[in-house]
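Notes follow the structure.
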Amino acid sequence: MSEAGNSGTEKAAAYRVLARKYRPANFSELIGQEPMVRTLTNAFATGRIAQAWMLTGVRGVGKTTTARILARALNYKTSTVDQPSVDLAVPGEHCQAIMEGRHVDVIEMDAASHTGIDDIRDIIERVRYAPVSARYKVYIIDEVHMLSTQAFNGLLKTLEEPPPHVKFIFATTEIRKVPITVLSRCQRFDLRRIDAGTLVAHLSSIAGKEGIAVDDDALAMIARAAEGSARDSLSILDQAIAHGSGAVSAEAVRAMLGLADRARIVDLFEHVMKGDVAAALAEFRNQYDAGADPAAVLTDLAEFNHLVTRLRFVPTALDDASLSEDERRRGADFARALSVRVLSRTWQMLLKGIPEVQSSNRPVSAAEMVLIRLAHAADLPTLDEALKSLESGASVSNGAPRLNAAPASPGPANSGPANTGPASSGNGGASAVAQTRIPAVNGGAQTMRLVEPEPMPAAFLPAPAPEPVADAPSVPVKSLADIVALADAQRDMAFKVLVKRCVRLVRIEPGRIDVSLTDDAPKMLLNDLTAKLRAWTGRSWLVSLSKEEGGQTLAEMESTKRENALLDAKSDPTVAAILARFPGARIIDVRIPDAPEADAVEAEVPIEPPADEDET
Numbered sequence: 001m002s003e004a005g006n007s008g009t010e011k012a013a014a015y016r017v018l019a020r021k022y023r024p025a026n027f028s029e030l031i032g033q034e035p036m037v038r039t040l041t042n043a044f045a046t047g048r049i050a051q052a053w054m055l056t057g058v059r060g061v062g063k064t065t066t067a068r069i070l071a072r073a074l075n076y077k078t079s080t081v082d083q084p085s086v087d088l089a090v091p092g093e094h095c096q097a098i099m100e101g102r103h104v105d106v107i108e109m110d111a112a113s114h115t116g117i118d119d120i121r122d123i124i125e126r127v128r129y130a131p132v133s134a135r136y137k138v139y140i141i142d143e144v145h146m147l148s149t150q151a152f153n154g155l156l157k158t159l160e161e162p163p164p165h166v167k168f169i170f171a172t173t174e175i176r177k178v179p180i181t182v183l184s185r186c187q188r189f190d191l192r193r194i195d196a197g198t199l200v201a202h203l204s205s206i207a208g209k210e211g212i213a214v215d216d217d218a219l220a221m222i223a224r225a226a227e228g229s230a231r232d233s234l235s236i237l238d239q240a241i242a243h244g245s246g247a248v249s250a251e252a253v254r255a256m257l258g259l260a261d262r263a264r265i266v267d268l269f270e271h272v273m274k275g276d277v278a279a280a281l282a283e284f285r286n287q288y289d290a291g292a293d294p295a296a297v298l299t300d301l302a303e304f305n306h307l308v309t310r311l312r313f314v315p316t317a318l319d320d321a322s323l324s325e326d327e328r329r330r331g332a333d334f335a336r337a338l339s340v341r342v343l344s345r346t347w348q349m350l351l352k353g354i355p356e357v358q359s360s361n362r363p364v365s366a367a368e369m370v371l372i373r374l375a376h377a378a379d380l381p382t383l384d385e386a387l388k389s390l391e392s393g394a395s396v397s398n399g400a401p402r403l404n405a406a407p408a409s410p411g412p413a414n415s416g417p418a419n420t421g422p423a424s425s426g427n428g429g430a431s432a433v434a435q436t437r438i439p440a441v442n443g444g445a446q447t448m449r450l451v452e453p454e455p456m457p458a459a460f461l462p463a464p465a466p467e468p469v470a471d472a473p474s475v476p477v478k479s480l481a482d483i484v485a486l487a488d489a490q491r492d493m494a495f496k497v498l499v500k501r502c503v504r505l506v507r508i509e510p511g512r513i514d515v516s517l518t519d520d521a522p523k524m525l526l527n528d529l530t531a532k533l534r535a536w537t538g539r540s541w542l543v544s545l546s547k548e549e550g551g552q553t554l555a556e557m558e559s560t561k562r563e564n565a566l567l568d569a570k571s572d573p574t575v576a577a578i579l580a581r582f583p584g585a586r587i588i589d590v591r592i593p594d595a596p597e598a599d600a601v602e603a604e605v606p607i608e609p610p611a612d613e614d615e616t
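Spelled out as C-alpha cells, the structure:
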C-alpha cells in the first residue's frame, strides 16, 4: 500500500505543466516568429553577430525562450561543430544546462527584483572575467524596463563597448519604457502575437502527443482566449484537461472560462439587429442561466460585430481556423446584409456599454439595458442618413433598406428560391434565401437592417419635388422677400424657413441670382432654389454662389428690426413709467397697428347740430 502511495507521489512530483514540457528548444520549434528566425539565421551565417539584442512582445510569445535558444546558439559546440550556429538539431555540450537555466556562463536576471544601480554594478564588475566553460558569457535580463534610471545609465558604457566574450539579451513587454539610449545600442526584435490558426494547430499537435481527445471548437475557444500567447494557450489547455478528466470538450471549456456559446452569440446578434427586444432579452437570460458572464456575453457580441464588419472588406478572414462553421456561414450573410454605418454604431454602443456592465453592481440589468438600446437603435436611421434625407429629399427608409427576418441559419445570399415579398414604396425587390433585399435609393452604398417591415416614419417622408410648369405665367422676383412670398403661397414652409435663415442676397437680376450662404446652410439648398424658382415662376434661373459676403438674411433683418422696436419702446416715457411702476415687468413684444381708414376716422368724429336748428 505504501509502495503504491510512494509511486503515486513520485509520479505527481514528476509532472511538468505543458507550457514547460513543450517549451521550444531550438529555432525550428519556435512558432509564429519566422521573420526573427530568418534574420538571426542570416546574421549567424555571415558572422554578423550583434553584441546585444532587445526582444519585445506581449506575454507568452516566447521572449525568454528565444533568449535561451539564442544563448544556446552562441555557445553551440559539438564534436564536429565549434562555432555559433542556429542549426541546433543535435544537442551540444552546453545546450541542456542553458535551456534549464543552470549554466554558469549564462546569467539570467529578473529586472523586476533587481532594479537598482548596485545590481548593474555587480554585472559591470564581472563582465571583465572570461567565461568558465562556454564561448560567450551571456547576460539575459528579463523585464528590463523595470530597471531604474541610474541602473540604465550605469549600463550604457558597458553595453556600448562590451568585452568580446560578453553578449547581452534583454526582454521586455514595455518597450516604450526603455530609454532610447539603450535601444540604440541593441538589435531589436518585435515578437509578434501568434496567429489563432497557428495556435490551434500547435495545441492540436500537443494534444495528440499527450493522447488527449480535444474538440475542434474547444481548441478554437482556447486560442481566442489566449490572445496570441502560446504560454497562455497551453496553460488553458492544461486546465481544460484537468477540468474534463482527460478529455476536452467545447462545453467544458466554455463552462471553465465562463464563455457564451458562439452559436448563441450569433443568435443574440440576429435578434438585436432585427430589433426584437423580447427575443434578445430571452436569449441573454438563457445564456446567463447557463453560466455566461454578462460582460463576457457583450464582449463576444462586440467581437462578432467586428468579425462581420471585417468580412465586408476582407472576405479571406473566413479562413481563420479559430472560427466555427456557424460563425463563418452566418457571419458572411450578415456582412452582405448589414451596412458599415449600422455595424459601426453597434460597435460604439457596445464599447460604451461593456464598461458600464463591468462597473455596475447589477451587471445583468445593465447588460439588458445595453441590449435594449441596441435593439431600439436597429431600425433608426443614422445621423448622417437623416440629415442627408432632409437636405436632398431622398428616401432613406428608416436610414437604410430593410431585410425581412433572416432564418436562424441563413444560407448563401445568391442561392435558393426567390422571395417575391412586397418591397417598400419606391424601392425594388431582389431575391435571396428567406430574405428580401431592397436597394438604397439615395445613391450611396447599400445598407441592410434585420428589422420587420413597417411603415416609414412620417418625419422622413420626402416632400415631392416641384415639377416645372410649362405654361405658368412669369412671376417677377426682385428680392428675397419675393422668394419667401412664393414659398408661402406654395405652402412650402420648410423651404421658406431655410431661405430666410440661410440665404444672403448679393445681387438679383431677371433670371439670375447671386447669393452667399450661412455656415449651417444645407448643401443642396442652391439646387433646390433653382428648381423651385423655375417651377414657381415659369422661367429658368441661374443661381450661383458668390464669394462676396452679401447682405443680411431676412431672419437677421427681422431680428434687427425687432431689437430696434424694443429699444424705441423702452425709450417711450409712458412705457418707461409702466416699467418703473411694476418691478419685474419687461417688454416681450412690440406691435404697431396699421393706419386707420379715412372713412373709419370720419365715422368716429361726432357731428354737432347747426346752431340755427337749435334756435328753431
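For the sequence shown, counting from 1, position 563 maps to 563 in the UniProt record's numbering; every step adds exactly one. Every residue, glycine too, gets a C-beta built ideally from N, C-alpha and C.
- Secondary-structure assignment with DSSP links ASP142 through a beta bridge to ASP110, ALA171.
- By the Cβ test, the segment 216-234 is in contact with the segment 321-339, since at least three Cβ pairs between them sit closer than 8 Å.
- The Cβ atoms of LEU183 and VAL200 lie no closer than 7 Å to each other.
- The segment 547-562 and the segment 520-535 do not touch, with fewer than 3 CB-CB distances between them shorter than 8 Å.
- In its chain, beyond the 5 residues on either side, VAL575, ILE587, VAL590 have a beta carbon closer than 6 Å to the beta carbon of ALA569.
- Inter-segment contact for the segment 154-163 and the segment 21-40 is absent: fewer than three beta-carbon pairs are separated by less than 8 Å.
- In this structure, the straight-line span from the alpha carbon of LEU18 to that of LEU203 is close to 10 Å.
- Cβ contact annotation for ARG231 (same chain, cutoff 6 Å, sequence separation greater than five): ALA19, GLY60, in chain order.
- Assignment of alpha helix (DSSP H) within the segment 331-368, counting only whole runs of 4 or more residues, yields 340-359 in chain order.
- Taking C-beta atoms as the reference points, VAL106 and ALA71 count as a pair closer than 7 Å.
- Inter-residue distance for VAL266 and ALA295 is about 16 Å (C-alpha atoms, whole angstroms).
- Cβ contact annotation for ASP195 (same chain, cutoff 7 Å, sequence separation greater than five): GLY32, in chain order.
- Among the bridge pairs identified by DSSP, PHE27 is matched with none.
- By the criterion of a C-beta distance shorter than 7 Å, VAL484 is surrounded in its chain by LYS496, VAL499, LYS500, LEU554, once the five residues flanking it on both sides are discounted.
- Assignment of PHE284 by DSSP, reduced to helix, strand and coil, places it in the helix class.
- If one requires a minimum length of 4 residues, the alpha helix (DSSP H) runs lying completely within the segment 547-577 are 554-571, in chain order.
- Its chain contains ALA366 as the residues whose beta carbon lies nearer than 6 Å to that of GLU356, once the 5 sequence neighbours on both sides are disregarded; these appear in chain order.
- Fewer than three Cβ pairs drawn from the segment 227-244 and the segment 330-340 lie within less than 8 Å of each other, which leaves the two stretches out of contact.
- For ILE69 and ALA282, the gap between their C-alpha atoms comes out near 53 Å.
- Less than 7 Å divides the Cβ of THR65 from the Cβ of ARG23.
- Counting C-beta pairs with one atom in each stretch, the segment 138-148 and the segment 108-117 have three or more that are closer than 8 Å, which means they touch.
- By the 16-neighbour rule on beta-carbons within 10 angstroms, TYR76 is buried.
- Note on geometry: alpha-carbon atoms of VAL308 and THR346 lie some 11 Å from one another.
- Restricting attention to ALA67, TYR136, VAL58, the CA atom closest to the CA of ASP82 is found in TYR136.
- Apart from sequence neighbours up to five positions away, the residues of its chain that approach VAL543 with a beta-carbon distance below 6 Å are ILE513, LEU526, LEU529, THR530, ordered along the chain.
- Residue pairing for THR56: DSSP places it in a beta bridge opposite THR172, ASP190.
- Residue pairing by DSSP leaves ASP520 without any beta bridge partner.
- ILE49 sits in coil when the DSSP states are folded into three classes, being neither helix nor strand.
- Around the beta carbon of ILE180, fewer than 16 other beta carbons sit within 10 angstroms, so the residue counts as exposed.
- For ALA292 and ARG262, the gap between their C-alpha atoms comes out near 11 Å.
- Assignment of beta-bridge partners to ARG507 by DSSP yields ASP514.
- LEU234 carries a helical assignment under DSSP once its states are collapsed to helix, strand and coil.
- The beta carbons of ILE120 and ALA97 sit no closer together than 7 Å.
- In the DSSP assignment, ALA247 forms a beta bridge with ALA213.
- Between ALA67 and ALA134, the CB-CB gap reaches or exceeds 7 Å.
- Distance from the CA atom of SER79 to the CA atom of VAL90, rounded to whole angstroms, is 10 Å.
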